[in-house]
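Data first, discussion second: the structure below is written as structure tokens.
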Amino acid sequence: MNERPLDFMLRLRDALTASWDKRTAYLEVEQRGNPPIAAGRFPVSEMLHMKFDWHGGEISRTTAIDVDYRNRQNVRRFLAHECGPHFKFDRELMAWMRNGNAKNTGEVADEWTRSRLGRD
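Here's what the structure looks like:
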């Protein structure tokens, strides 16, 4: 079996971090803050630093929406359970979720429900 050196993960993290640094990135591409958004993907370096596992973590009404929030099937499943089978993300809700104010998933469910009251 091919064993990795003990510092493999640290070296991997450093290499991935360098891949987003203007001095070392391909064609000097740099986007600080949230580089994967423009690329449409999430590099491993970003996922290694996430505070909550949006893909598989247990979501409750008190789960905080923070800067590491990711729109995953797990979140859709939770919100469909809270809001009903007609739940769908839309631009208005996503803009509200990312407006910079602290909120949790329960408040997101309540906002979606509130914003739909006058539509149907």
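Plus 173 on top of the position in the sequence shown (first one is 1) and you've got this note's numbering. Even for Gly, the Cβ is constructed at its ideal location relative to N, Cα and C.
Just checking my contact of Asn244 with Phe262 at CB under 8 Å: how many whole Å lie between their CB atoms? Indexing the sequence shown from 1 puts residue 244 at position 71. Indexing the sequence shown from 1 puts residue 262 at position 89. At roughly 6 Å, the Cβ-Cβ gap stays under 8 Å, so Asn244 and Phe262 are in contact.
How long is the line joining the alpha carbons of Tyr242 and Leu179, rounded to whole angstroms? Working through the sequence shown from its first residue, we reach residue 242 at position 69. Working through the sequence shown from its first residue, we reach residue 179 at position 6. Between the C-alpha atoms of Tyr242 and Leu179 there is a straight-line separation of about 31 Å.
Endpoints, alpha helix (DSSP H) assigned at Arg264: By one-based count along the sequence shown, residue 264 stands at place 91. Run containing Arg264: 264-270, per the alpha helix (DSSP H) assignment.
Measuring CB to CB, does Glu322 end up less than 9 Å from Ala237? This structure cannot speak to residue 322, because the chain is shown only from 174 to 293.
For Ile232, which residues from the same chain have a beta carbon less than 7 Å from its beta carbon, with the 5 sequence-adjacent residues on both sides left out? In the sequence shown, the residue the question calls residue 232 occupies position 59. The answer, listed in chain order, is Asn247, Val248, Phe251, Thr278.
In whole angstroms, what is the alpha-carbon distance linking Leu290 and Glu284? The residue labelled residue 290 in the question sits at position 117 within the sequence shown. The residue labelled residue 284 in the question sits at position 111 within the sequence shown. Computed Cα separation, rounded: 10 Å.
Closest residue to Glu265 among Gly257, Asp187, Arg287 (Cα-Cα distance): To locate residue 265, count along the sequence shown from 1; it is residue 92. Per the C-alpha coordinates, the member of Gly257, Asp187, Arg287 positioned closest to Glu265 is Arg287.
Alpha carbon to alpha carbon, how far is Phe318 from Asp187? The shown model of the chain, from 174 to 293, leaves out residue 318, and the question about it has no answer.
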